[in-house]
Every structure is written in C-alpha cells, then in structure tokens.
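These notes concern the structure reproduced below.
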Amino acid sequence: MTHQSAPLRIPSLLPTPDIFSCRRILVIQPHYDDADIAAGGTLAALVDAGAEIRYCTMMDDLVGVIDESLDDAAAAASLLRDQRAAAKIIGIQELTHLNYPDAGNWSRFDVRPDLFREIRDFRPDAIFAADPWLRVEAHRDHWEAGSIAAEAAILSGIPKLASSDAAIDALWRAAKPNDARAVAFFYTDEPTTFSPIDATWERKAAAVSEYHAQFTDDELPQLVKTLDAKAQLVARVGVEAGLLPAGTKRAEPLKVIDPRALHGAR
Numbered sequence: 002m003t004h005q006s007a008p009l010r011i012p013s014l015l016p017t018p019d020i021f022s023c024r025r026i027l028v029i030q031p032h033y034d035d036a037d038i039a040a041g042g043t044l045a046a047l048v049d050a051g052a053e054i055r056y057c058t059m060m061d062d063l064v065g066v067i068d069e070s071l072d073d074a075a076a077a078a079s080l081l082r083d084q085r086a087a088a089k090i091i092g093i094q095e096l097t098h099l100n101y102p103d104a105g106n107w108s109r110f111d112v113r114p115d116l117f118r119e120i121r122d123f124r125p126d127a128i129f130a131a132d133p134w135l136r137v138e139a140h141r142d143h144w145e146a147g148s149i150a151a152e153a154a155i156l157s158g159i160p161k162l163a164s165s166d167a168a169i170d171a172l173w174r175a176a177k178p179n180d181a182r183a184v185a186f187f188y189t190d191e192p193t194t195f196s197p198i199d200a201t202w203e204r205k206a207a208a209v210s211e212y213h214a215q216f217t218d219d220e221l222p223q224l225v226k227t228l229d230a231k232a233q234l235v236a237r238v239g240v241e242a243g244l245l246p247a248g249t250k251r252a253e254p255l256k257v258i259d260p261r262a263l264h265g266a267r
C-alpha cells in the first residue's frame with residue numbers, strides 16, 4: 002500500500018453538463034443580489050442565448066437594508082425595486098420570494114417544500130445556487146441555501162415528498178416527467194466551467210449598481226471595481242488552464258454538476 006501526501010480527487014463518471022444548452026433556468030439565491038453579483042454575466046449571456054430564467058430568493062434580506070429609518074414594509078419595497086431594476090438589465094423574466102428571515106432562525110425542513118414547489122412549478126433544465134462546499138464561507142444563509150437547493154434538486158422528483166402547494170403537486174404529477182440536467186454552483190472556488198463574460202460585463206456591472214438599498218453610493222462603485230478585478234483574475238486562471246480562449250478578459254467560475262452526481266460517489 003502506498004500513501005499520498007496530498008489528497009487526490011476522483012473525477013465523476015458523469016460529464017460536465019453544458020448550461021448553454023438549457024432553456025429553463027431556476028436560480029435559487031440566498032439574497033436579492035447574490036446571483037447578479039456572482040453570475041450576472043453568465044445569466045445575461047444565457048438570456049441572450051434564449052433561456053427563460055426565474056430568480057427564487059430565499060431570504061427577506063431585511064438585515065442588509067442600510068436605511069434603518071425604514072420599517073420592514075418600506076425596506077422590503079426598496080429591495081424589490083432594486084431587484085426589479087437589476088432584473089430588467091440582465092433580462093430575468095420572473096422573480097419569486099420565500100421571505101425567510103435574513104441571518105435568522107429558520108429550518109431547512111421548512112424551506113425544502115417551498116423549493117420543491119418552485120422546481121415542480123417551473124420545471125427547470127438547470128438550477129443555479131450558491132456553492133455550499135465553498136472552503137471559506139461564514140454566512141450560514143449562503144451555505145445552507147446552497148445545500149438545500151442541491152438537496153431539492155435530487156429529491157423534488159420523489160412524489161412521496163410533498164411541496165408546499167398541493168395544486169402544483171397535482172399538476173406536476175399529471176405532466177410529463179422533467180428532471181433538471183445540470184446544477185450550477187456560483188460563489189465557488191472549485192470551478193468545472195469558466196464562463197466568459199466580456200460581452201455581458203457592462204450589463205452585470207449596471208445590474209449590480211442598482212442595489213441601493215444595501216450599498217451606499219460610495220460602496221457600489223467599489224463593489225463593481227472589486228467584481229471587475231475578480232472577473233479578470235478568473236479569466237487569467239481559465240486562459241492559463243486552457244479552459245478559455247486566449248484574449249478572454251473577464252469570466253465567472255461555476256461548478257457545474259450532473260444532478261445524479263450530487264448523491265454518492267458517481
């Protein structure tokens with residue numbers, strides 16, 4: 002028996018799915034701004050390629066609203082205004098909200114039936130979510146939301162597990178079976194896919210700049226500058242690895258997995 006000092010990774014038998022072949026994409030994000038920040042360039046490119054995209058936001062995001070003079074209703078309205086403006090820029094067609102307490106006390110077993118409802122109603126080809134296996138992530142909302150989304154992706158097709166909407170379940174049971182063929186994790190440091198965003202960077206930057214409820218007028222330009230630097234770094238890594246064409250200036254990292262590989266070693 003030989004011993005390896007550094008851990009080795011056994012690759013999946015299943016190939017990495019092509020997200021650009023997907024036409025119905027459900028984005029399950031922790032907070033209002035996460036998908037635009039982490040994958041807005043890719044999502045804009047998917048819209049341009051003909052995809053229909055729904056954002057499902059899990060948290061109410063009220064903790065992140067910087068204007069403390071607003072009551073919860075006014076704060077929620079300001080978040081929604083920002084998100085709608087950003088969605089128009091990216092090209093997102095539909096927004097849904099689960100309204101679990103931001104940075105609060107909630108159970109994955111309460112959230113999971115709501116995600117079953119979203120998946121069974123929208124019937125996506127691909128699901129986007131935050132990577133729950135990111136090596137450093139202190140915010141529970143992020144890694145828990147990603148974990149529940151991954152679990153929902155593989156369990157939503159089991160009829161014995163009810164969603165939170167019996168009517169949607171009935172329609173889903175009567176319809177032709179539909180399983181997502183890809184799960185794409187953003188906020189990842191273990192990408193399987195480098196998505197070039199040179200053509201959509203300006204839209205991503207403009208969308209992120211709409212989140213005034215959560216960032217000051219000084220913070221938003223700095224956020225965009227930071228995201229630009231990160232996108233350029235990701236592009237350099239991708240080009241050097243031979244995973245992006247030479248000359249690519251900006252990219253987003255995604256861990257794209259066949260849902261069948263999310264359970265057991267496949």
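When the letters of the sequence shown are read in order and numbered with the numbering used here, they come out as residues 2 to 267. Even for Gly, the Cβ is constructed at its ideal location relative to N, Cα and C. In this text the structure is predicted, and so the values were computed from the model without any measurement.
1. Could you tell me whether the region 22-33 touches the region 48-57, where touching means 3 or more Cβ pairs closer than 8 Å?
2. For residue 189, which option in 72, 44 and 130 has the closest C-alpha, if you only look at C-alpha atoms?
3. By the 10 Å Cβ neighbour count, where 16 or more other Cβ atoms means buried, how is residue 73 classified, buried or exposed?
4. Below 6 Å CB to CB, which residues in the same chain sit around residue 184 once its five sequence neighbours on both sides are set aside?
5. Throw me the rounded Cβ distance for the residue 192 and residue 245 pair, which I believe falls under 8 Å.
6. Touch check for the region 85-99 and the region 207-225: three-plus C-beta pairs under 8 Å?
7. Assuming residue 166 contacts residue 118 under a Cβ cut-off of 8 Å, what Cβ separation, rounded to an integer in Å, is found between them?
8. Looking only at C-alpha atoms, which of 195, 247, 237 and 215 sits nearest to residue 32?
9. Give the straight-line distance between the Cα atoms of residue 21 and residue 235, rounded to the nearest whole angstrom.
10. Look at residue 66 and residue 79 and say whether their C-beta atoms are less than 8 Å apart.
11. With DSSP run on the structure shown, which of helix, strand or coil describes residue 16?
12. Reducing DSSP to helix, strand and coil, say where residue 217 ends up.
13. Among 195, 220, 226 and 222, whose alpha-carbon lies nearest the alpha-carbon of residue 247?
14. Express the C-alpha separation of residue 16 and residue 252 in angstroms, rounding to a whole number.
15. Secondary structure at residue 130, three-state DSSP: helix, strand or coil?
16. Does DSSP classify residue 161 as helix, strand or coil?
17. Could you tell me if residue 143 is buried or exposed, where buried requires 16 or more neighbouring beta carbons within 10 angstroms of its beta carbon?
18. Between the alpha carbons of residue 106 and residue 45, how many angstroms are there, rounded?
19. Which of the three DSSP states, helix, strand or coil, is assigned to residue 70?
20. Do three or more CB pairs link the region 111-126 to the region 162-178 at distances below 8 Å?
21. Helix, strand or coil for residue 244 per DSSP?
22. Considering just the uninterrupted stretch of the alpha helix (DSSP H) at residue 140, what are its terminal residues?
23. Among the residues of its own chain, which have a CB less than 8 Å from the CB of residue 174, if the five just before and after it don't count?
24. Specify the secondary structure class of residue 25 as computed by DSSP and reduced to three states.
25. Among 140, 8, 204 and 60, whose alpha-carbon lies nearest the alpha-carbon of residue 37?
26. Hey, would you say residue 250 sits closer than 8 Å to residue 199, going by beta carbons?
27. Apart from the five residues on each side of it in sequence, which residues of its chain come closer than 6 Å, Cβ to Cβ, to residue 109?
28. Please state whether DSSP places residue 43 in a helix, a strand or coil.
Let me spell this out:
1. yes
2. 130
3. exposed
4. 128, 154, 258 and 260
5. About 11 Å; that fails the 8 Å criterion.
6. yes
7. 5 Å
8. 215
9. 19 Å
10. yes
11. coil
12. coil
13. 195
14. 21 Å
15. strand
16. coil
17. buried
18. 33 Å
19. coil
20. yes
21. coil
22. No alpha helix (DSSP H) holds residue 140; DSSP gives it neither H nor E.
23. 160
24. strand
25. 204
26. yes
27. 149
28. helix
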